[in-house]
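Below is one structure, written out as structure tokens; comments come after it.
There are 2 protein chains.
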Amino acid sequence: MTLDYIFHPRSIAVVGASVGPWNAVTQLFLDTLPQFGYKGEVYPINPKFDEISGLKAYPNVRDVPGPVDHVICMIPAEATRQLLEDCVAKGVQTVHLYTAGFAETGEVDRVRLQDELVSIARRGGIRIIGPNCMGIYCPGSGITYCADFPKEPGTVGFISQSGSYSILMVRGAAARGVRFSKMVSYGNASDIDEINLLDYLAHDPETEVIAAYIEGTKDGQRLRKVLTEAAAKKPVIIIKKGGTAAGSRGALSHTGALAGDNAVWEALLKQTGVIRVEDFEEMIDMLVTFLFFPILRGGRVAVVGLGGGASVRASDECELGGLSLPPAPEELVTEIKRFIPVAGSMLRNPFDMGTYRHDWTPVLRALDSWAELDIFLWQIAPEIEPFEEGVYRQFITERRGQILEMFQGMQKPTAVVVHAVEASIGLETLDIMRTRCAEHEMAFYPSIYRAARAISRYIDYHARRGSKK
Amino acid sequence: MTLDYIFHPRSIAVVGASVGPWNAVTQLFLDTLPQFGYKGEVYPINPKFDEISGLKAYPNVRDVPGPVDHVICMIPAEATRQLLEDCVAKGVQTVHLYTAGFAETGEVDRVRLQDELVSIARRGGIRIIGPNCMGIYCPGSGITYCADFPKEPGTVGFISQSGSYSILMVRGAAARGVRFSKMVSYGNASDIDEINLLDYLAHDPETEVIAAYIEGTKDGQRLRKVLTEAAAKKPVIIIKKGGTAAGSRGALSHTGALAGDNAVWEALLKQTGVIRVEDFEEMIDMLVTFLFFPILRGGRVAVVGLGGGASVRASDECELGGLSLPPAPEELVTEIKRFIPVAGSMLRNPFDMGTYRHDWTPVLRALDSWAELDIFLWQIAPEIEPFEEGVYRQFITERRGQILEMFQGMQKPTAVVVHAVEASIGLETLDIMRTRCAEHEMAFYPSIYRAARAISRYIDYHARRGSKK
């Protein structure tokens, strides 16, 4: 049976909701629901209160008058056995256990308690998400646990064994214009696990790209099967951490996951056609690339921007990341030289535009007509600008907005990179340009190497599959 | 003869200074001098104006009534031959040619023009900085070209073949609390070159650490000699770029430098005892480490912070960067468990503190008494915090300030890392924590890997030299 129903509950009970300014979990799991546009009934459950966050509270999930499809549990682990029994009695479909303190502790009685919850759930036809996790973010249904996640749905399905990674990923990707179909933080994977979720996302019509953060698995064979199927249908991009001895120990005490041998994982992911990424930053880079780039013929890039050192660096990082910088033909150099008023500018690719003051349009138009080129990379190194304050800063900020629109109007796709950022002036520029690119659905990267690596892996992906441009 | 006099001119003439709001170079090279506290005379030189930026202007450097020690030249290349002749006539000591359009263009007549300037200078006893560079930043003398560089002097001497790298480096390092003795952007190195400058810094009593960005050299043998001498006296840290084919082409058209074979450079830098770093970010990391860390016995680190996934990641990156995470002894875990109110926290190193709300003091005190430990690394992953707005955010920001002071009061050194930053909330936190650490002269890094790599290279440096703790 498809897991689709877990994303569309008619009603949600939040067990352990409470009152007062420091009830963080209540704010996360109760208050966000009406704020985020969840249309179903929401029931706070707590015998101590009649009303919580303006909603009528009930002492027990069994006291709720209507049906309860989904339960979010944040009471202590000791009380969860009884809760599960109550949920069975009530006919609940899904229990999300935010509560921690189960198998991940490594303590025998805690492992046993987790197993008992699963037994009760299986008997009663309930599916468990977690324990020790953040649960569901599904913007289409108005379900979230962070108030700042985007309300608009998108096409990326994401599952994460770590709750904090789920937050990192959504925030970082959202800041670059990525939107999600659904996301599940699944923690200890006591019942619903990465295999169930990957299988669901592979068949979910709302999901076009699958992303996952995995610490370990309990069934390598089934995982291989589901990954093979999923990767045949859609891009599947996975972060698998815990490769070092310390990381492995960390994963074990984090979600009770057996991290396993890195080489085994490497082979598994490669053989199944999965794109393995280092961490959530590279994941976001890949998502941005898959969402905002057309299929590319090749990785021949022209690097355009300001600054000699920054251009040298951009060249190095492009090549290290897997893109190539073809030298500009002599006649092209001669042509654009007419439009660049600065002596000593580099014009052979990389192209140092010299200043922001002159009109870049004729130069960009000439570059756009260069046939042996697949992509533009606009490199911005804000901290090389000598003027931090005053009229120049405002001028530069506005000018960059105009140049962004010029690049958007070109035939060839453009990626924007703000790099070499180590101080406040750079952070501010990075923030502004990233936001502008997200609004325009243009690919933005915070380093040249990251841009080059993601784009070249994207080209390789399509080349392997023989995708047609 | 020592180059010390070039940093202490009695007077400076700025040739080509002009008026109007868009005279960027005038703002850089003229206006900054009185603003920055330069005590000598400043003479704008331009036949078209009587007064520039409130200073009396002269038509020619020879018309200045008093002596002129230092000339900053920003007139077009075509007019520089005459200027050099005028400078010889005037008895100028140093000419800094900001002007570009010389050997770096690769054009025969431009290369020849540069050679002619050097001939005139040699004949007249003048030293040339550049052309195609930003010149001198010497806070002790009140000389700068960026208004936002720190006014307080420090102990790092830096030379940069790239002008933009010089700006990047000072800004990024300054934001982390590093201060400079002197810095020279030397561009095409037509006269004063990396060899002269490294030799000077090796003997300069104000310089304790030498940093350099080099694109190429004209004399590998002399460079080897001077690097060997310098590295025997002080830490010498070098960025050598232009390793790829495209980067090499870039370096040539940037400063006319012959980048040379990467393997040759690698061997040269290693044999002379230089620390070679990838780029300016790693340079800043190394500077921060050399300035703010005591000599360490070893690289055994305890990672302390919030978040399971973030802790797993921190473990991996510490080990990849060359530090080791010893597992916490059982009795230590038992002790600190009493003070951490969160079920399921990781307490075996990495240490997940669970929340910001409880008092970290007893936990940190217990950890500080752990004998088999050399360093603390406080990892902050701000984007895992579920609450972006309101009372929590302010609380967390304040709390982090208190925790910073706790770490400062401990026996063992602490590095602070804000990592996993991809969205606005994280950038803001990074900016705040970096500034706080700079004020406290604590080592701050913007990624775990960067922290681990810099600290382990620092340990290796002292181990190689047999430094005593």
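So the sequence lines, in the order shown, correspond to chains A and B. Heads up: the first sequence begins at 1 in my numbering, then just goes up one per residue. Heads up: the second sequence begins at 470 in my numbering, then just goes up one per residue. All C-beta atoms, glycine included, are put in the ideal place defined by N, C-alpha and C. Please read these numbers as outputs of a predicted model, since none were measured by experiment.
From the DSSP output, in three-state form, read off residue 395(A) for me.
Here residue 395(A) sits in helix by DSSP.
Are the stretch 129 to 142 of chain A and the stretch 151 to 169 of chain A touching, with three or more C-beta to C-beta distances below 8 Å?
yes
Does the distance from the CB of residue 749(B) to the CB of residue 634(B) come in under 8 Å?
The Cβ-Cβ distance between residue 749(B) and residue 634(B) falls below 8 Å.
Per DSSP, what are the beta-bridge partners of residue 514(A) in this structure?
Because residue 514(A) is not part of the residues shown, which for chain A are 1 to 469, the question remains open.
Should residue 271(A) go down as buried or exposed, given a rule of 16 or more other Cβ atoms within 10 Å for buried?
exposed
Got a sec: which bits of the stretch 282 to 312 of chain A sit with their beta carbon under 8 Å from any beta carbon on chain B, in order along the chain?
284, 307, 308, 309, 310, 311 and 312
Look up residue 648(B) in the DSSP assignment and say whether it is helix, strand or coil.
Under the three-state reduction of DSSP, residue 648(B) is assigned to coil, being neither helix nor strand.
Within the continuous beta strand (DSSP E) that includes residue 510(B), where are the two ends?
510 to 514
Give the interface partners of residue 4(A) over in chain E, defined as CB-CB distance under 8 Å, in chain order.
The structure shown contains no chain E; the protein chains it does contain are A and B.
So, residue 590(B) versus residue 537(B), is the Cβ gap smaller than 8 Å?
no
Among 19(A), 45(A) and 462(A), which residue has its Cα nearest to the Cα of residue 295(A)?
Closest by C-alpha distance to residue 295(A), out of 19(A), 45(A) and 462(A), is 462(A).
Consult DSSP for residue 888(B) and reduce its assignment to one of helix, strand or coil.
coil
Use the C-beta contact count for residue 581(B): other C-beta atoms within 10 angstroms, 16 or more gives buried, fewer gives exposed.
So residue 581(B) counts as exposed.
Looking at the C-beta of residue 900(B), does it have a partner C-beta in chain A at a distance below 8 Å?
yes
Of the residues that make up the stretch 866 to 893 of chain B, which ones have a beta carbon closer than 7 Å to any beta carbon in chain A?
Residues 889, 891, 892 and 893.
Comparing C-alpha positions only, which one of 913(B), 873(B) and 474(B) sits nearest to residue 666(B)?
474(B)
So which residues of chain B does residue 24(A) contact, with C-beta pairs closer than 8 Å?
855, 856 and 861
Could you tell me how far apart the beta carbons of residue 419(A) and residue 448(A) are, in whole angstroms, since I believe they sit closer than 8 Å?
About 5 Å; that satisfies the 8 Å criterion.
For residue 705(B), count the other beta carbons within 10 Å of its own beta carbon; 16 or more makes it buried, fewer makes it exposed. Which is it?
buried
Do the stretch 689 to 705 of chain B and the stretch 893 to 906 of chain B make contact, defined as three or more Cβ pairs closer than 8 Å?
no
Quick check on DSSP: helix, strand or coil for residue 440(A)?
helix
Which class does residue 564(B) belong to by DSSP, given the choice of helix, strand or coil?
strand
Does DSSP put residue 123(A) in a helix, a strand or coil?
helix
Evaluate contact between the stretch 772 to 788 of chain B and the stretch 832 to 846 of chain B, counting only Cβ atoms and requiring at least three cross-stretch pairs below 8 Å.
They touch, by the three-pair rule.
Among 903(B), 908(B) and 885(B), which residue has its Cα nearest to the Cα of residue 924(B)?
885(B)
If you count every other CB in all the chains shown that lies within 10 Å of the CB of residue 78(A), and 16 or more means buried, which is it?
exposed
Give a yes or no on whether 8 Å exceeds the smallest Cβ distance from residue 480(A) to chain B.
One cannot answer for residue 480(A) here, as it falls past the ends of chain A, which runs 1 to 469.
Does DSSP classify residue 840(B) as helix, strand or coil?
Collapsing the DSSP output to three states places residue 840(B) in coil.
Is it buried or exposed for residue 286(A), if we count other Cβ within 10 angstroms and need 16 for buried?
The residue in question, residue 286(A), is buried, as its Cβ has 16 or more Cβ neighbours within 10 Å.
Check for me: the alpha helix (DSSP H) holding residue 774(B) runs from which residue to which?
That residue, residue 774(B), is in no alpha helix (DSSP H); its beta strand (DSSP E) goes 770 to 774.
On the DSSP bridge list, what partners appear for residue 378(A)?
304(A) and 416(A)
Can you pull the chain B residues whose beta carbon is under 8 Å from the beta carbon of residue 151(A), in chain order?
Here the premise fails: no neighbours, minimum Cβ distance about 14 Å.
To the nearest angstrom, how far is it from the Cα of residue 579(B) to the Cα of residue 881(B)?
Straight across, the Cα-Cα distance linking residue 579(B) with residue 881(B) is about 57 Å.
Specify the secondary structure class of residue 236(A) as computed by DSSP and reduced to three states.
strand
Can you grab the Cα-Cα spacing for the pair residue 50(A) / residue 60(A), in whole Å?
12 Å
Within 10 angstroms of its Cβ, does residue 48(A) collect 16 or more other Cβ (buried), or is it exposed?
exposed
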